[in-house]
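S.K.: The structure's right below; bear with me while I get my questions together.
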Amino acid sequence: MLLFSVVILCLANNIAGYTAGKAPVLNLNDGWIMPTFGLGTWLGLDQNGGFAQVQDDSVEKAVEVAIDAGYRHIDTAALYNTEPQVGRAIQKKIDEGVILRGDVFVTTKLWNDQHAKEKVPEALKASLKKLNMDFVDLYLIHFPVGTYANNTPDSTDYLDTWRAMIEARAQGLAHSIGVSNFNAKQIDRLINETGVVPSVLQIELHLNLQQPELLQYCKERGITVMGYTPFGALFPSKAGPDAPPPRVDDPALSDIAKKYNKTVPQVVLRYLFELGAVPIPKSVNPKRIEENINIFDFRLSKHDKETLKRFDKNYRLTVIPEWANDPNYPF
Ligand SMILES: NC(=O)c1ccc[n+]([C@@H]2O[C@H](COP(=O)([O-])OP(=O)(O)OC[C@H]3O[C@@H](n4cnc5c(N)ncnc54)[C@H](OP(=O)(O)O)[C@@H]3O)[C@@H](O)[C@H]2O)c1
Ligand SMILES: *[C@@H]1O[C@H](CO)[C@@H](O)[C@H](O)[C@H]1NC(C)=O
Ligand SMILES: *[C@@H]1O[C@H](CO)[C@@H](O)[C@H](O)[C@H]1NC(C)=O
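Right under this line is the structure:
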């Protein structure tokens, strides 16, 4: 009897010794599964509005802390320059016996200057080399606008890029493929022309930009939505002068958080999860990494969700004015 229970326990915990993730998993429309919560690894903007440079191993440390805290999904991109650190941290946790490669879901993305059909497999292989992996779980077209290396739009058609993504998946380089920052019309075009429905759409999603129509569109087609920049303008450091409320100290948010004995960031992440999205908050701070994923032991009331819904102002943080006149610009 005791032996029997031990066997059951080990099975429930994934194979003896390996630890299970904290977030539930969902089924993608292609048969693979995805943990419903991930760690973002983009270091964000510096004071001049440029990309913050990768200067230390803070992302590597963050991914290690995250896996120990029960994260089983890591979001990176060729653009972020964090693939090597993500790869090293995951390898370390595999070596330590904390996870198997199959326990962790890795997402990376194709950057805009690699949209030409023949460049896609090479770009993915370059990412895999940096990650030190032979496949990624999910490969996304980062943006529907193709660009030259100098960041000005080129004349590539994202439909050709999508065909190359389908081919890369067939070669086993990625289990699943999807898109990011595409609008519904652009996704419709992919589906109409290739018959292949993206498994995932990754979009900006937070209290000020809740995107109910696009979420509904994806739900109807079985497309899983990953939500990026989940905190939006919640923290004063990230809120531009035109950013609508709320900030993290908003009394309406504090009241809700107090009621569930949770923090305001946890309430926000839980709300996005209850909208049906997979939030991917970024943090390199161990305490905040642990705080953020601790949202799977409570449920928001209908009334609280209505309060949170009212902050939706269709306010977008990621806009690229230089590309606004390109026919493929999505927003
Ligand atoms: N597909 C796309 O085009 C796209 C665009 C943007 C982002 N993304 C992905 O989405 C991820 C998340 O988006 P994001 O990085 O833009 O923004 P975010 O996750 O909404 O916010 C990150 C900021 O919040 C801080 N933070 C995190 N948890 C906190 C907490 N509990 N309390 C207080 N502050 C906290 C972080 O600082 P600390 O690190 O110091 O904690 C960091 O400054 C990215 O890392 C990237 O992987 C994708
Ligand atoms: C895709 O096909 C649907 C159904 O036939 C049609 O309603 C829609 O206009 C098409 N969209 C595009 C962008 O081709
Ligand atoms: C409230 O949450 C904190 C931090 O997670 C925990 O230590 C504490 O025990 C909780 N209090 C109650 C009453 O559940």
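Residue numbers for the sequence shown follow my numbering, so the first one is 23 and each next one is one higher.
Glycine included, each C-beta is placed from N, C-alpha and C at the ideal position.
Remember, predicted model here, so these are calculated numbers, not experimental data.
Can you tell me the Cβ-Cβ gap for Thr58 and Val47, rounded? I've got them flagged as a contact below 8 Å.
M.R.: Yes, Thr58 and Val47 are in contact; Cβ-Cβ is about 7 Å, under 8 Å.
S.K.: Give a yes or no on contact between the stretch 124-131 and the stretch 154-166, applying the rule of three or more CB pairs nearer than 8 Å.
M.R.: Output reads yes: the stretch 154-166 touches the stretch 124-131.
S.K.: Less than 7 Å between C-beta atoms, sequence neighbours within five positions excluded: which residues of the same chain meet that for Lys284?
M.R.: Taken in chain order, the residues that qualify are Phe320.
S.K.: If we require 3 or more residues per run, which beta strand (DSSP E) segments fall completely within the stretch 77-106?
M.R.: DSSP runs (the beta strand (DSSP E)) wholly in the stretch 77-106: 95-97.
S.K.: Tell me which same chain residues have a C-beta within less than 7 Å of the C-beta of Glu105, skipping the five on either side of it?
M.R.: Closer than 7 Å at the Cβ level, and outside the excluded window around Glu105, lie Thr98, Thr130, Ser149, Lys152 and Leu153.
S.K.: Please confirm whether Pro301 and Pro258 have their CB atoms less than 7 Å apart.
M.R.: Going by C-beta atoms, Pro301 is not nearer than 7 Å to Pro258.
S.K.: What I want to know is whether the C-beta of Thr130 ends up closer than 6 Å to one or more non-hydrogen atoms of ligand 1.
M.R.: It does not: the Cβ of Thr130 is nowhere closer than 6 Å to a heavy atom of ligand 1.
S.K.: Given a threshold of 16 other Cβ atoms within 10 Å of its Cβ, counted over all protein chains shown, does Tyr170 qualify as buried or as exposed?
M.R.: Classification of Tyr170: exposed, given that the 10 Å Cβ count is below 16.
S.K.: Would you check if there are 3 or more beta carbon pairs closer than 8 Å linking the stretch 217-225 to the stretch 236-245?
M.R.: As far as the Cβ criterion goes, the stretch 217-225 touches the stretch 236-245, which means the pair count is three or higher.
S.K.: Give me, in chain order, the residues of the same chain whose beta-carbon lies closer than 8 Å to that of Thr329; leave out the 5 immediate sequence neighbours on both sides.
M.R.: Closer than 8 Å at Cβ, skipping near neighbours: Ala274 and Ile278.
S.K.: Measure the CB-CB distance between Ile96 and Leu50 and report whether it falls below 7 Å.
M.R.: No. Outside cutoff.
S.K.: Here's the rule I'm using: 16 or more other beta-carbon atoms within 10 Å means buried, otherwise exposed. How should Val341 be labelled?
M.R.: With fewer than 16 other Cβ atoms within 10 Å, it is exposed.
S.K.: Helix, strand or coil for Val126, going by three-state DSSP, please let me know.
M.R.: Coil.
S.K.: For the pair the stretch 204-219 and the stretch 109-117, tell me if three or more CB-CB distances fall below 8 Å.
M.R.: At 8 Å Cβ cutoff, the stretches do not touch.
S.K.: Using beta-carbon positions only, say whether Pro303 and Asn314 come within less than 7 Å of one another.
M.R.: It is a contact, given that the beta carbons lie within the stated cut-off.
S.K.: Within 6 Å: the Cβ of Lys115 and any heavy atom of ligand 2?
M.R.: Flag unset: Cβ of Lys115 not near ligand 2.
S.K.: Is Lys284 helix, strand or coil when you go by DSSP?
M.R.: Reduced to three states, the DSSP call for Lys284 is coil.
S.K.: Let me confirm a value: Ala74 is counted as buried when at least 16 other C-beta atoms fall within 10 Å, else exposed. Which label applies?
M.R.: Label assigned to Ala74: exposed.
S.K.: Go to Pro266, then tell me how far its alpha helix (DSSP H) extends in each direction, as first and last residue.
M.R.: Run containing Pro266: none; DSSP gives neither H nor E here.
S.K.: With burial defined as no fewer than 16 other Cβ atoms inside 10 Å of the residue's Cβ, what is the status of Asp125: buried or exposed?
M.R.: It counts as buried.
S.K.: Can you tell me where the beta strand (DSSP E) holding Asn49 begins and where it ends?
M.R.: Asn49 -> beta strand (DSSP E) spans Val47 to Asn49.
S.K.: Runs of 3 residues minimum, wholly inside the stretch 210-244: which ones carry the beta strand (DSSP E) assignment?
M.R.: You should have 222-226.
S.K.: Name the DSSP beta bridge partners of Met56, please?
M.R.: Met56 pairs with Leu48.
S.K.: By Cβ distance, which residues of its chain are closer than 8 Å to Pro268, with the 5 residues on each side in sequence left out?
M.R.: Correct list, in chain order: Leu229, Leu256, Ala274, Leu275 and Phe333.
S.K.: Under 8 Å, with one C-beta from each stretch per pair, do the stretch 231-238 and the stretch 170-187 reach the 3-pair mark?
M.R.: The answer is no - the stretch 170-187 does not touch the stretch 231-238, with fewer than three Cβ pairs under 8 Å.
S.K.: Can you have a look at Leu236 and say buried or exposed, based on whether 16 or more other CB atoms are within 10 angstroms of its CB?
M.R.: So Leu236 counts as buried.
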